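Enquirer: Got a structure for you, questions after.
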Amino acid sequence: ALSTTIVHLIGVRGIIEDKAILAEAATEPLIRMIHQSDEKISKCGSKLLGDLIEENEIIRHSLLSTGFAQIVLHTLSPGTQPQQQSSSSSQTDTSIPIHVKNGILDVLLKLVTTAEGLEPLSVLIPILEEMKTNGEQELKNKAKKILSLFAGEGIKASSSSLSSKQNDIKIHELEDSNKQMEEQIKQKNEQLSHKDEELRRERDENERINQELLKERQEKEKEKKKANDAEARIQNIEQEKNKLKQENTKFKENKKEIKLQSPQDVPFPLSNSRPIFLPFEYLEFPD
């Protein structure tokens, strides 16, 4: 197997310095494999590195002393980008895939169960505690196992790592809070903008209705004035008719009085004599 070959190459070196360098050179490409977006390649890298850890103490010592804990911390932290990406990959997702985190936890679990002197890994306790609470179920289970092994070995988080992690969590919470506030402010502004638009439309509609009511009132006033003028003319005409009727009645009464005057005032023929003519004012002419 490939892991056996790597272990053999490390073992044939004569001095410890060469073996340490070879161990680091052997683990680095495997860690890169674990961070690949291709899940099969990632799992292969995780298995090979786990086998090396189990078979070789130098590999275990190399991982504990060359910053492997920081790589794990970076990989498990939320919102971080993968350390290595394939040159042919067009991946745009900024978060580390779950299979990469699973692979790193598998390697870490193998290291914790086989290595001694685990104090350098104490910096991982805060992130593992967080993952145990908020991570995916599979990640939670692995985080619980590793934390249990740490507790069994008496490994505790250092005050500096706790303080740093707490600060990171607080910063993350503040950033989330700021984002929520910005989103709420944006929503409020949009609501106010919509409300202003509704008020403007309502104001314009009220203005239009008022103009229509004013126009309708003016039209009614014009119609009322026309009706009043027509009624006044009708009354004048009626008054004129009544006046003429009264004058006509009076005229007829006067006419009757003239006809009823005594007969001696009216000319009549006398036998063998000429007629007698009355004064002009007593003469009656036909209508």
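Just so we're aligned, residue 1466 is where the sequence shown starts under my numbering, counting upward by one.
Where a beta carbon is used, it is the ideal one built from N, C-alpha and C, also for glycine.
Owing to the predicted nature of the structure, the values given are computational and were not obtained by experimental measurement.
I think V1565 touches T1540, with their Cβ atoms under 8 Å apart; what is that distance to the nearest whole Å?
Expert: The Cβ separation is near 6 Å, so the contact holds.
Enquirer: Have a look at L1593, E1584, N1693 and N1567 and flag the residue whose alpha-carbon is nearest the alpha-carbon of L1529.
Expert: E1584
Enquirer: Are the region 1484-1496 and the region 1513-1523 touching, with three or more C-beta to C-beta distances below 8 Å?
Expert: yes
Enquirer: Work out the CA separation of S1587 and I1611 for me, nearest whole Å.
Expert: 11 Å
Enquirer: To the nearest angstrom, report how far apart H1659 and R1666 are at their CA atoms.
Expert: 11 Å
Enquirer: Please report how far the alpha carbon of E1718 lies from the alpha carbon of E1705, in whole angstroms.
Expert: 20 Å
Enquirer: My parser needs the alpha helix (DSSP H) runs of 4 or more residues fully inside the region 1581-1638; what are they?
Expert: 1590-1599 and 1602-1617
Enquirer: Nearest CA to the CA of L1503: which residue from D1516, I1536 and I1561?
Expert: The residue asked about is misnamed: residue 1503 is Asp in this sequence, not Leu. Selected option, being the one with the closest Cα: I1561.
Enquirer: If we ignore side chains and look at the alpha-carbon of each, how far apart do E1493 and L1513 end up?
Expert: If I take the Cα positions, the gap works out to 12 Å.
Enquirer: Determine the DSSP secondary structure at P1494, reduced to helix, strand or coil.
Expert: helix
Enquirer: Determine the extent of the alpha helix (DSSP H) in which T1540 is found, giving its start and end residues.
Expert: F1533 to L1541
Enquirer: Roughly how many angstroms lie between the CA atoms of N1701 and K1690, to the nearest whole one?
Expert: 16 Å
Enquirer: Skipping 5 residues on each side, what residues in its chain have a beta carbon closer than 7 Å to that of L1764?
Expert: Residue 1764 falls outside the range modelled here, since the chain spans only 1466 to 1752, and no answer is possible.
Enquirer: Would you give the residue range spanned by the alpha helix (DSSP H) that H1564 belongs to?
Expert: I1563 to T1579
Enquirer: Got a sec, what are the start and stop residues for the alpha helix (DSSP H) E1516 sits in?
Expert: For the record, residue 1516 in the displayed sequence is Asp; it is not Glu. Note, D1516: alpha helix (DSSP H), E1504 to E1520.
Enquirer: In three-state DSSP terms, what is Q1704?
Expert: helix
Enquirer: Is Q1656 helix, strand or coil by DSSP?
Expert: helix
Enquirer: May I have the straight-line CA-CA distance separating L1709 from F1716, to the nearest angstrom?
Expert: 10 Å
Enquirer: Return yes when the Cβ of S1507 is within less than 8 Å of the Cβ of I1499, no when it is not.
Expert: yes
Enquirer: Could you tell me how far apart the beta carbons of I1634 and E1601 are, in whole angstroms, since I believe they sit closer than 8 Å?
Expert: That belief does not hold up - the Cβ atoms of I1634 and E1601 are roughly 19 Å apart, past 8 Å.
Enquirer: Give the DSSP-derived three-state secondary structure of Q1645 in the structure shown.
Expert: helix
Enquirer: Please name the residue in E1595, Q1656, M1596 and V1577 whose C-alpha comes closest to that of G1619.
Expert: Comparing C-alpha distances from G1619 to each of E1595, Q1656, M1596 and V1577 shows the shortest one belongs to V1577.
Enquirer: When you compare the CB positions of L1593 and N1567, do they come within less than 8 Å of one another, or not?
Expert: no
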